[in-house]
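As structure tokens, the structure follows; a few thoughts come after it.
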Amino acid sequence: MICTLDIGNSAVKCGLFEAGELTKTVRESSAADSEAVARRVADLVMDSGATRVGISSVVPAVSDAIEKALMSSGLADVFKVHHRSRLPFALAYETPSTMGVDRIAAAAGACSLPGLSAHDDAPIVVVDAGTATTIDVIADGSLLGGPILPGPELLRRAVRAGTAQLPEVELTWPERVISRSTTEAVGTGIMLGFVDAVRGVLLRVIDELDTQPEIVVTGGWSELLIAKVSLIGRNDPHLVVRGVASLMNLQPTADGR
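Per our numbering, residue 10 is the first one in the sequence shown, and the count goes up by one each step.
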């Protein structure tokens with residue numbers, strides 16, 4: 010049994026794999042103190058019976074605390090995704106050390122899906138729609154990179170922080186475009202703006218590639234995007250934890266194989 014962790018800005022997602030199959034996922038909020046989050050996650054991992062752990066993290070304080078808690082519980086076989094890890098593609102990003110490991114893991118997860126490979130004739134585009142939304146392109150065996158957009162939650166915070174009187178709003182899909190109240194107007198603008206931004210960027214990516222890619226979406230807003238953006242062909246909400254598992258299988262073992 011292996012456990013993979015996707016440590017993001019708002020949550021820690023855990024995936025449990027047995028014989029290569031994802032058997033269970035658990036989501037923990039990462040809003041609490043990092044030590045408290047680490048203890049809960051470490052307990053979950055130890056209770057699962059996992060003997061190996063893989064980590065993708067964009068929050069070093071949380072991942073460091075989790076790794077320390079795991080080691081104190083007796084689990085020392087911990088793999089952390091890194092831009093220097095053995096990957097199923099070349100990393101063609103101009104500043105590889107600045108590329109979020111969640112983007113690398115999501116790309117690896119996409120390449121592990123049935124019928125997809127980094128070396129296919131058709132490029133793969135991975136949309137990871139979370140706190141921030143990343144759009145990454147894999148083509149000709151290389152992970153090229155792509156744009157980063159704010160997600161709906163970041164847009165909501167920006168509107169609230171940058172204005173004196175606009176209200177806090179619920180993030181739900183609007184029933185109409187022509188809003189009849191200020192609260193409705195802000196919510197409509199955020200949700201339509203987000204979806205239309207993703208659609209517009211994808212159209213530009215397709216135009217730049219000059220060919221039709223396979224587009225895969227993951228992340229907390231993946232259900233919204235697969236429903237509203239017809240360009241997207243696949244939705245896998247667990248792409249990052251799958252990617253971490255696939256990367257663990259690529260790494261050399263203790264005897265160098």
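Glycine included, each C-beta is placed from N, C-alpha and C at the ideal position. Note that the coordinates shown come from a computational prediction; the quantities given were computed from them, not determined experimentally.
Check                                                                                                                                                                     : Outcome
Is P123 near W230, with beta carbons less than 8 angstroms apart?                                                                                                         : no
Between E223 and P132, what straight-line distance do the alpha-carbon atoms span, to the nearest angstrom?                                                               : 6 angstroms
In chain order, what residues of the same chain have a beta carbon less than 6 angstroms from the beta carbon of S188, not counting five sequence neighbours either side? : A194, T197
Check S231 in the structure and name its three-state DSSP category.                                                                                                       : helix
Give the straight-line distance between the Cα atoms of G265 and F88, rounded to the nearest whole angstrom.                                                              : Only weak support is given to the placement of G265: the predicted model assigns it a pLDDT of 39, under 50, and the value that follows is read from those uncertain coordinates. G265 and F88: Cα-Cα distance of roughly 15 angstroms.
Provide the residue span of the alpha helix (DSSP H) that contains L53, from first to last.                                                                               : 43 to 57
Pull up the DSSP beta-bridge partners for N244, would you.                                                                                                                : V226
According to DSSP, what are the bridge partners of F26?                                                                                                                   : I11, L31
Is S38 helix, strand or coil when you go by DSSP?                                                                                                                         : strand
Between which two residues does the alpha helix (DSSP H) containing L211 stretch?                                                                                         : 191 to 218
Where E76 and L153 are concerned, what is the direct C-alpha to C-alpha distance, given to the nearest angstrom?                                                          : 30 angstroms
Nearest-angstrom Cα distance between A138 and I147?                                                                                                                       : 17 angstroms
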